[in-house]
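Residue numbers (my numbering), protein chains in the order written: chain W, 1322 to 1589; chain P, 161 to 466. Every residue gets a Cβ at the ideal spot worked out from N, C-alpha and C, and that includes glycine.
This is the structure:
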């Protein structure tokens, strides 16, 4: 897929520091990264390495202290619906039903150009995509954790964002639910050709889903240590890959980086 | 009798369906356990047994408490004395409530009018307090600098007894009635300001991030995120305010006179009708309880599970 080589998001010499009581805390430095259209990129590293900070910078939720971030040829001025975020803890509004949560996003993006019926149809399609048509009129408090996370993903997808940003989207789920949602996500990405940046600390998840894995060094002053290109053919099947030599090799490279080159800060 | 029948018919299966209760009551009421009915109805009888048990469990203990109070009261006043006995008070109450809405001039009106007059004052004073206090709470919650300016003033003024505000009201409004309303206003505004402000400060950052990513309009942020998120805190503030307002009205009316339950208590004291004072205490308590329950019900209706 040659369009994956086309530069779409680029992070240029980005540094991020916070003012603390002990003085300036440098979280990230010298981050340079380009992401192609339709590419699936994972950010992996130990906790505290600033991978969520980098995702928030691309989302525009925080602005960098140095360097620039560019999306589709324009500097990122702040958060916006063209860079949808799937939050770690789903962040659904508990007083709105699953349908209404998604509708709020759909309305924001398409209300100017489409009729109410079309907005409703979009919302229903998004729910159908994640297999939640039956639960659309339930409140988030009435559905399981996995279903909530699927609504969060549906909300982000329904906005038809240029970039889908996911902050440990499956972190809080049990292993079986996580596996099913990973498979669903791969199918959705294949269908929509979405550009995705995902923060994870799960090596298998990173190898299974990604075109490239960006590995961050330990903080403070974290930066990109290595970038691993995952050339496994798609569609990928977890059962098949479990015994695949290539998969094992990629996996061990990531583990090598995380546990040999970048020991956990507490162990070091 | 009925209890035995129910126990005999109550097998192991328990259901919480309350819908079957009317049928079940009919069955119990018929109380002639002819064979076909008993065979057809064990299911509804089980449900009725569970329903009745839950009903008694909810009603009996409070009823017992009330009876304990009346019993102690009866024993204490058995030998006579200044405090009238429950029976005497009951007799006075039946006369009083036989005609609650009479008017014999401005200072002699039925108890119904007095209660309504007090409720009206509370309503107006509380209404203004809500109109000012809730938006003020939103502002204090949103703007930290404003909160730092205003919070010391609130801390200073909040503990002041309501009655200390009454002379100021009389001075400014020159009349008793608005002065009482003013007292209600000033006393019931603090819980609403403080609870609303706290609610605004506690809007989870996640929800605000959603608003930022979606780039929602200020109106949508207020109606879809801030307001629903603050609502439970606001309702707690409103409930505390109503409670305070109802406490304060009696004292305020004792001092300002006119029509109202507080004034009525004072008037009956001057007439030495002690049983009427006791009735007034019950009435004030019951009205306060109803106001509280009404707001709890409202809060429950508006509450969505998080």
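Judged by DSSP secondary structure, residue 1389/W falls outside any alpha helix (DSSP H) and instead within the beta strand (DSSP E) spanning 1387-1392.
By the neighbour-count criterion, in which 16 or more other beta carbons inside 10 Å mark a residue as buried, residue 1438/W falls on the exposed side. Judged by their CB atoms, residue 419/P and residue 277/P are nearer to each other than the 7 Å cut-off. Contact check between the stretch 442-461 of chain P and the stretch 355-363 of chain P: fewer than three CB pairs, one atom from each, fall below 8 Å, which does not count as touching. DSSP places residue 251/P in no beta strand (DSSP E) but in the uninterrupted alpha helix (DSSP H) bounded by 246-258.
Identification of residues in the stretch 377-388 of chain P having a C-beta nearer than 8 Å to some C-beta of chain W yields 380, 384, 385 and 388, given in sequence order.
When the Cα atoms are used, residue 1380/W and residue 370/P turn out to be separated by approximately 11 Å.
Listed along chain P is no residue with a C-beta nearer than 9 Å to that of residue 1364/W; the closest approach is about 18 Å. Taking 7 Å as the upper bound on Cβ-Cβ separation, chain W lies near residues 366, 367, 369, 370, 372 and 373 of the stretch 358-373 of chain P. Selection 1343/W, 1357/W and 1367/W evaluated against residue 1583/W yields 1367/W as nearest (Cα-Cα). Chain P has a Cβ within less than 7 Å of the Cβ of residue 1412/W.
Contact of residue 251/P with chain W by beta-carbon distance below 9 Å is absent, the smallest such distance being about 52 Å. The Cβ neighbour count for residue 309/P, taken over all protein chains shown within 10 Å, is under 16; the residue is labelled exposed. Check the Cα spacing between residue 1578/W and each of 1493/W, 1400/W and 1535/W: the tightest is with 1535/W. Residue 1429/W and residue 382/P have their alpha carbons spaced roughly 15 Å apart. Judged by DSSP secondary structure, residue 1548/W falls within the beta strand (DSSP E) whose first and last residues are 1545-1550.
Flagged as an interface residue toward chain W: residue 375/P, by a C-beta distance shorter than 7 Å. Approximately 16 Å separates the beta-carbon atoms of residue 1473/W and residue 1373/W; this is outside 8 Å, ruling out the contact. Distance from the CA atom of residue 1570/W to the CA atom of residue 1385/W, rounded to whole angstroms, is 35 Å. Against chain P, the CB of residue 1406/W has a partner CB under 7 Å away; the residue lies at that interface.
Annotated three-state conformation of residue 1329/W is strand, per DSSP. Residue 1356/W carries a strand assignment under DSSP once its states are collapsed to helix, strand and coil. Put simply, of 240/P, 246/P, 217/P and 214/P the residue whose alpha carbon is nearest the alpha carbon of residue 227/P is 246/P. When Cβ-Cβ separations below 7 Å define contact, residue 1490/W makes no contact with chain P.
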